[in-house]
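What follows is a short report on a single structure.
Protein chains in written order, with our numbering: chain Y, 148 to 312; chain X, -5 to 411.
Put into structure tokens, the structure is as follows:
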């Protein structure tokens, strides 16, 4: 089912400290509170204004740094439909799939702040409705698709009764 | 077809032969978490509907991020973990014991194992020849519950380091140089294997620095073949029997080979706010520093503190500069206390804190003021990393850190001899 939302642009090298800073460590057991500071050190207008279904659109190596699962979790809590980036850091990428947040590797240069995007995860297509353009992206690996399809690793394991592909 | 170290260890734990690019399910030897992610691990275990860990003897809980706890919410979380560890009968390393990666090396990690932890610097155990990698809380909850995880077998970059090291140059300078070469995403999803004469001759404490920081280039693991130096380290820790020789086959496939002549290196500095913005110390100009931090899982071992003490001994930290030292573990702290190292550092003007992650990640003491410059022996200098997005962090070896503490500006150790 395609989802629609607005693009929030970020640059290259957005770290897990930008996404969920260590100085809010004490809020980690209050994820809703923690999510109010999502990406604060990159753009402090993001968390207060992002709408359900909007997209985080970034450059290279999104999510580098720490293994804190809180980073994709707070993005998901804010209702972000997917993170689009030219590339992702490994742990962030895996964590996003694990918690059921779609992460898409594609060329994000042409997407502008505020563009309205329609994402079709299954078809591997993003319509830029503002610009009238189409971006295609490669499918995730078979195993990652299987996990994401169930909404994350925990629902996946619950459904199959075990971790097996 | 020969195998890399990653392919060998993962094949051993998958029960079938796998090669780079394949995805498989593996048995896990150690799964650990700490107070920064542990509460989320417990929440996810509950979500999973699994009440007990599969094997408490292979499960470890550390309290190392907020020690001593500055805030009741954090203390409550720590209590939760303490209670869980006690109920499950798993290993528990109390606040003050040390940083998880250092304690993993001291007590648990051995060659040929698969180790997963809720921390990106889990890769440090790769220096002992273990396939060790960081994951999120849910993945670790699953690893604890089922004693297995899924892995994509990484391609490997072979890093060959030959040459001697000039005076004042350490493995920190090699790894900073390498991260500068690779870029912060240059080794994403890859495993790095370190070879060459400089590695073969390198003591364990220096090897840990290399493996610890491979994640700053995006790597999934940083492996060093196990050898006599590994064996003697394990033996000194009472784990002699866990030694197994681990190395890659001579006909293994490496995606890339990078050769470094370490005799050309001078002390290297990573500039704010990226670990891959690396320059030789002579090329950075004058950089005044407000605080120096010798700590973290990267560079706060006994040898690091001794290097610092040798430079600072009988002298004083520059006026207007503060020096914080956080030994990586209680054991290191005690040894440094006993042999006079701590005394030397205190007399020079250092402030010593309990063992833990401390100033490195900005949740505890030592947070810099707006506009301040910090030089750390740590692994990351991202904006806001040390708790203030308006501060600037540079990274270096302990020797440069100590020399810098004396002058108040980033200084080559040879300048203060």
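Virtual Cβ for every residue (Gly too), placed ideally from N, Cα, C.
Quick caveat: nothing in here was measured; it's all calculated off a predicted structure.
Euclidean distance between Cα positions of residue 321 (chain X) and residue 288 (chain X): Cα to Cα, residue 321 (chain X) sits roughly 8 Å from residue 288 (chain X).
Neighbouring residues, chain X, relative to residue 245 (chain Y) (Cβ below 7 Å): Within chain X, the residues near residue 245 (chain Y) are 130, 132, 133.
Residues sharing a beta bridge with residue 240 (chain Y), DSSP: According to DSSP, residue 240 (chain Y) bridges with nothing at all.
Residue 292 (chain X) at chain Y interface by Cβ criterion, 9 Å: Residue 292 (chain X) has a beta carbon lying at 9 Å or more from every beta carbon in chain Y.
Residue 352 (chain X), DSSP secondary structure in three states: When DSSP states are grouped into helix, strand and coil, residue 352 (chain X) belongs to the helix group.
Residue 50 (chain X) versus X:30, X:78, X:29, X:57, residue with shortest Cα-Cα distance: Its Cα nearest to that of residue 50 (chain X), the residue X:78 stands out among X:30, X:78, X:29, X:57.
Rounded separation between residue 157 (chain X) and residue 214 (chain X) - CA only: Straight through space, the alpha carbons of residue 214 (chain X) and residue 157 (chain X) are spaced by roughly 26 Å.
Residues near residue 173 (chain X) in its chain [Cβ-Cβ closer than 7 Å; skip 5 each side]: Cβ neighbours of residue 173 (chain X) beyond the five flanking positions: 207, 210, 211, 269, 270, 272.
Length-filtered (4 minimum) alpha helix (DSSP H) runs lying within the stretch 214 to 276 of chain Y: Assignment of alpha helix (DSSP H) within the stretch 214 to 276 of chain Y, counting only whole runs of 4 or more residues, yields 217 to 224, 237 to 246 in chain order.
Beta strand (DSSP E) segment containing residue 319 (chain X), residue limits: Element bounds for residue 319 (chain X): 316 to 319.
Own chain partners of residue 367 (chain X) with C-beta closer than 6 Å, once the 5 adjacent residues on each side are dropped: When the five nearest sequence neighbours on each side are left out, the beta carbons in the same chain lying within less than 6 Å of the beta carbon of residue 367 (chain X) are those of 283, 284, 386, in order along the chain.
Closer than 9 Å to chain Y by CB, residue 379 (chain X): Chain Y contact via Cβ: present.
Neighbour list for residue 160 (chain Y) in chain X, Cβ cutoff strictly below 7 Å: What residue 160 (chain Y) touches in chain X: 178, 268.
Through-space distance from residue 275 (chain X) to residue 306 (chain X), alpha-carbon basis: Those two C-alpha atoms are separated by around 19 Å.
Residue 68 (chain X) at chain Y interface by Cβ criterion, 9 Å: True, the Cβ-Cβ gap to chain Y drops below 9 Å.
Beta strand (DSSP E) segment containing residue 152 (chain X), residue limits: Segment 150 to 156, the beta strand (DSSP E) holding residue 152 (chain X).
Own chain, CB closer than 6 Å to residue 170 (chain X), minus 5 neighbours either side, in chain order: Excluding five sequence positions before and after residue 170 (chain X), the CB atoms of its chain that fall closer than 6 Å to its own CB belong to 262, 264, 272, given in chain order.
Own chain, CB closer than 7 Å to residue 297 (chain X), minus 5 neighbours either side, in chain order: Closer than 7 Å at Cβ, skipping near neighbours: 199.
Closest residue to residue 56 (chain X) among X:46, X:88, X:39 (Cα-Cα distance): It is X:88.
Three-state secondary structure (DSSP) of residue 224 (chain X): Reduced to three states, the DSSP call for residue 224 (chain X) is helix.
Every unbroken alpha helix (DSSP H) within the stretch 156 to 240 of chain X, with a cutoff of 4 residues, ordered by chain: Unbroken alpha helix (DSSP H) stretches of 4 residues or longer found wholly inside the stretch 156 to 240 of chain X: 165 to 176, 191 to 194, 198 to 207, 222 to 230, given in chain order.
Any chain Y beta carbon closer than 9 Å to residue 300 (chain X): Chain Y, which has no Cβ nearer than 9 Å to the Cβ of residue 300 (chain X), makes this no.
Beta carbon proximity, residue 156 (chain Y) to chain X, threshold 9 Å: Not one chain X Cβ lies under 9 Å of residue 156 (chain Y).
Residues, ordered as in the chain, of the stretch 19 to 48 of chain X that lie near chain Y by beta-carbon distance below 8 Å: Cβ proximity to chain Y below 8 Å picks out 19, 30, 31, 33, 34, 38, 41, 42, 43 from the stretch 19 to 48 of chain X.
Any alpha helix (DSSP H) of 4 or more consecutive residues that is wholly inside the stretch 346 to 404 of chain X: List check, alpha helix (DSSP H) in window: 392 to 401.
Short Cβ contact (9 Å threshold) for residue 310 (chain Y) with residue 304 (chain Y): Cβ atoms of residue 310 (chain Y) and residue 304 (chain Y): closer than 9 Å.
8 Å Cβ shell around residue 287 (chain Y) - same chain, five flanking residues per side excluded: Closer than 8 Å at the Cβ level, and outside the excluded window around residue 287 (chain Y), lie 244, 295.
Closer than 9 Å to chain Y by CB, residue 113 (chain X): Interface criterion met: the Cβ of residue 113 (chain X) is under 9 Å from a Cβ in chain Y.
is_contact[residue 65 (chain X), chain Y] using C-beta, thresh 9 Å: Yes, residue 65 (chain X) lies at the interface with chain Y (some Cβ there is under 9 Å from its Cβ).
Cβ of residue 251 (chain X) within 9 Å of any chain Y Cβ: So, not an interface residue.
Same chain only: Cβ atoms within 7 Å of residue 148 (chain X), ignoring 5 sequence neighbours per side: Within the same chain, residue 148 (chain X) has close Cβ partners 0, 14, 183, 184, 185, 214, 215.
Within 9 Å, strictly: CB atoms of residue 162 (chain X) and residue 407 (chain X): Yes, they are a contact pair.
Any C-beta of chain C under 9 Å from that of residue 359 (chain X): Reference to chain C is not applicable here, since the protein chains of this structure are Y and X.
Through-space distance from residue 319 (chain X) to residue 347 (chain X), alpha-carbon basis: Taking the straight line joining both Cα atoms gives about 6 Å.
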